[in-house]
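Colleague: This structure is in structure tokens; I'll ask about it shortly.
Protein chains: 2
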Amino acid sequence: MQSRGFALVISAPSGTGKSTITKAVLEAESRCVQSVSATTRKPRAGEVDGKDYFFVSVDEFERKKRDGELIEWAEFAGNFYGTPRAFIEKAKAHGDIAVLDIDIQGAAQIRRTMPDAVTIFVAPPSLAALEQRLRARKTETEEAIARRLARVPSELAAAKYYDYLVWNDRVENAVQAILEVIRVESLRISRMDLEGDWLPKV
Amino acid sequence: MQSRGFALVISAPSGTGKSTITKAVLEAESRCVQSVSATTRKPRAGEVDGKDYFFVSVDEFERKKRDGELIEWAEFAGNFYGTPRAFIEKAKAHGDIAVLDIDIQGAAQIRRTMPDAVTIFVAPPSLAALEQRLRARKTETEEAIARRLARVPSELAAAKYYDYLVWNDRVENAVQAILEVIRVESLRISRMDLEGDWLPKV
Numbered sequence: 211m212q213s214r215g216f217a218l219v220i221s222a223p224s225g226t227g228k229s230t231i232t233k234a235v236l237e238a239e240s241r242c243v244q245s246v247s248a249t250t251r252k253p254r255a256g257e258v259d260g261k262d263y264f265f266v267s268v269d270e271f272e273r274k275k276r277d278g279e280l281i282e283w284a285e286f287a288g289n290f291y292g293t294p295r296a297f298i299e300k301a302k303a304h305g306d307i308a309v310l311d312i313d314i315q316g317a318a319q320i321r322r323t324m325p326d327a328v329t330i331f332v333a334p335p336s337l338a339a340l341e342q343r344l345r346a347r348k349t350e351t352e353e354a355i356a357r358r359l360a361r362v363p364s365e366l367a368a369a370k371y372y373d374y375l376v377w378n379d380r381v382e383n384a385v386q387a388i389l390e391v392i393r394v395e396s397l398r399i400s401r402m403d404l405e406g407d408w409l410p411k412v
Numbered sequence: 211m212q213s214r215g216f217a218l219v220i221s222a223p224s225g226t227g228k229s230t231i232t233k234a235v236l237e238a239e240s241r242c243v244q245s246v247s248a249t250t251r252k253p254r255a256g257e258v259d260g261k262d263y264f265f266v267s268v269d270e271f272e273r274k275k276r277d278g279e280l281i282e283w284a285e286f287a288g289n290f291y292g293t294p295r296a297f298i299e300k301a302k303a304h305g306d307i308a309v310l311d312i313d314i315q316g317a318a319q320i321r322r323t324m325p326d327a328v329t330i331f332v333a334p335p336s337l338a339a340l341e342q343r344l345r346a347r348k349t350e351t352e353e354a355i356a357r358r359l360a361r362v363p364s365e366l367a368a369a370k371y372y373d374y375l376v377w378n379d380r381v382e383n384a385v386q387a388i389l390e391v392i393r394v395e396s397l398r399i400s401r402m403d404l405e406g407d408w409l410p411k412v
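If you're matching them up, the sequences are chains A and B in order. Sequential numbering from 211 applies to the first sequence in the numbering used here. Sequential numbering from 211 applies to the second sequence in the numbering used here.
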């Protein structure tokens, strides 16, 4: 029984370890493909169009937005970023799982524009653990850390809109839980075609 | 994060091995409890009220039906059988999973009366395998087997209304898939209370 794939949205408060977890899930499950965003940002050295990003002009980005070709979009540091629906739909038709590592605003847009997306909120074991991880990075100023921590309450408040809660007490546990979500969501009858004689005769 | 439990409905065409699978799931997962039906049938030797069945009078059964105390009911061989909502709700409040091994008509009633129930359709690997298993039982007449086989197409047609499809190619695989469904459904945020300060401070 071939089942259609789906979009898998993964969000987490910053410092939770979302990027590490997402990378491990993509490596462990061959049906997972990382979603490629469209952006108006200029390519950096080594970035490949269609692999790292779809690099587009501001006009082209605006047109995509207007024509509903983006399931979510946002502006960061003067550049636009968005997720092309076509990429996700192609993955779904192939039975693949398009993985989107995305913030709560992006996830909220996707719930509206692609209601069959599966959404996972990854939570740190505690507020103290989250703060500790942010400091352990040693890549950010105290001010940047304070800014991230200030955002945490609103990020936690958004968790109730997601489908599943996965705790990142240990990266391996979080990855295993997400892989289980993927396997179980692949058993969903709403993504199968059970019309007619769907049971094999022999 | 304590999450509410749920009703787990398991249906399958007869001969698929549903009883074997359900028993193994109940043994493997300690949060699973078998649903106890109310019935107007007289107790048989050794049957315990409240454990095997809730034995009730026809009047009491009719009252339960009328008052919406049964999430599904049916008549077999002149006796009434029904699933008390109170038993299931108590299990759910405890964080338990109430397992119902039930036919497609019962499952259709439960989808209406308890929409948050999780429903699984167990399928045999093929029609030929199903027929072979029915004959291998050697407990039924050719006529009874023919009657069971005649029901299969309508049972298969009902599969599309279920949440999940689990193949019983091997009992162990089907049991593992159902245990995964239970684990993943337990991550569902709709069954958790994420209001307020839900993330532990330390």
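For every residue, glycine included, the Cβ atom is placed at its ideal position computed from N, Cα and C.
1) Please classify B/D269: does DSSP put it in a helix, a strand, or coil?
2) Spatial neighbours of B/S396 within its chain, please: CB distance less than 7 Å, with the 5 preceding and 5 following residues excluded, ordered by chain position.
3) Please determine, among B/A248, B/A384 and B/E282, the residue with the shortest C-alpha to C-alpha distance to B/F331.
4) Does DSSP put B/R345 in a helix, in a strand, or in coil?
5) Which same chain residues end up closer than 7 Å to A/A296 when comparing Cβ atoms and leaving out the 5 residues on each side of it in sequence?
6) Whole alpha helix (DSSP H) runs in the segment 274-320 of chain B with 4 or more residues, listed along the chain?
7) Can you tell me whether A/N289 is buried or exposed? The criterion is at least 16 other CB atoms within 10 Å of its CB, across all chains shown.
8) Use the C-beta contact count for B/S224: other C-beta atoms within 10 angstroms, 16 or more gives buried, fewer gives exposed.
9) For B/Y371, which of helix, strand or coil comes out of DSSP?
10) Please compile the residues from chain A whose C-beta is within a distance smaller than 9 Å of the C-beta of B/R358.
11) If you reduce the DSSP assignment to three classes, tell me which class B/A360 lands in.
12) State the Cα-Cα distance for the pair B/A318 and B/T329, rounded to the nearest angstrom.
13) Can you name the residues of chain A whose CB is closer than 8 Å to the CB of B/F331?
14) Could you check which residue in A/F216, A/P335 and A/E382 has the C-alpha nearest to that of A/K302?
15) With distance defined between alpha-carbon atoms, name the residue in B/I399, B/Q244, B/L340 and B/S364 nearest to B/I314.
16) For B/R251, collect the residues of the same chain with a Cβ closer than 7 Å to its Cβ; drop the 5 residues on either side in sequence, then sort them by chain order.
17) Looking only at C-alpha atoms, which of B/T226, B/M211 and B/I220 sits nearest to B/R347?
18) Among residues of its own chain, excluding the 5 on either side of B/R358, which ones have a beta-carbon nearer than 7 Å to its beta-carbon?
19) Work out the CA separation of A/F264 and A/A249 for me, nearest whole Å.
20) Under 7 Å, CB to CB, which of the residues in the segment 377-394 of chain B have a partner in chain A?
21) For B/I320 and B/V246, which I take to be in contact (beta-carbon distance under 8 Å), what is that distance rounded to the nearest angstrom?
22) Using only the alpha-carbon positions, how far apart do B/T293 and B/E282 sit?
23) Name, going along the chain, the residues of the segment 308-328 of chain A whose beta-carbon falls closer than 9 Å to a beta-carbon of chain B.
24) Whose Cβ in chain B lies nearer than 8 Å to the Cβ of A/S336?
25) Output, in sequence order along the chain, the residues in the segment 366-377 of chain A whose CB is closer than 9 Å to any CB in chain B.
26) Can you have a look at A/K274 and say buried or exposed, based on whether 16 or more other CB atoms are within 10 angstroms of its CB?
27) Going by DSSP, what residues sit across from B/D259 in a beta bridge?
28) Can you list, in chain order, the residues of its chain whose CB lies under 7 Å from that of B/R401, leaving out five sequence neighbours each side?
29) Quick check on B/F271: buried or exposed, where buried means 16 or more other Cβ atoms within 10 Å of its Cβ?
30) Mind checking the segment 279-293 of chain B against chain A and listing, in chain order, the residues whose C-beta falls within less than 8 Å of any C-beta there?
31) So with Cβ pairs under 8 Å, would you call A/L344 a contact of chain B?
Modeller: The structure says:
1) helix
2) S213
3) B/A384
4) helix
5) E279
6) 295-303
7) exposed
8) buried
9) The answer is helix: DSSP assigns B/Y371 an H, G or I state.
10) Within chain A, no residue comes near B/R358; the closest Cβ sits about 15 Å away, beyond 9 Å.
11) helix
12) Spanning the two alpha carbons is a distance of roughly 10 Å.
13) Annotation: Cβ neighbours of B/F331 in chain A (cutoff 8 Å, chain order): I399.
14) A/F216
15) B/S364
16) N289
17) B/T226
18) S224, G225 and L344
19) Here the sequence assigns Thr to residue 249 of chain A, which means Ala is not the residue at that position. Approximately 6 Å, taken between the alpha carbons.
20) Taking 7 Å as the Cβ-Cβ cut-off against chain A, the residues of the segment 377-394 of chain B that qualify are A387, E390, V391, R393 and V394.
21) Rounded, the Cβ-Cβ distance is 15 Å, inconsistent with contact.
22) 6 Å
23) none
24) L409, P410, K411 and V412
25) Cβ proximity to chain B below 9 Å picks out L366, A367, A369, K370, Y371, Y372, D373, Y374, L375, V376 and W377 from the segment 366-377 of chain A.
26) buried
27) Residue pairing from DSSP places B/D259 in a beta bridge opposite B/Y263.
28) S213, R214 and F216
29) buried
30) Within the segment 279-293 of chain B, no residue has its Cβ closer than 8 Å to any Cβ of chain A.
31) no
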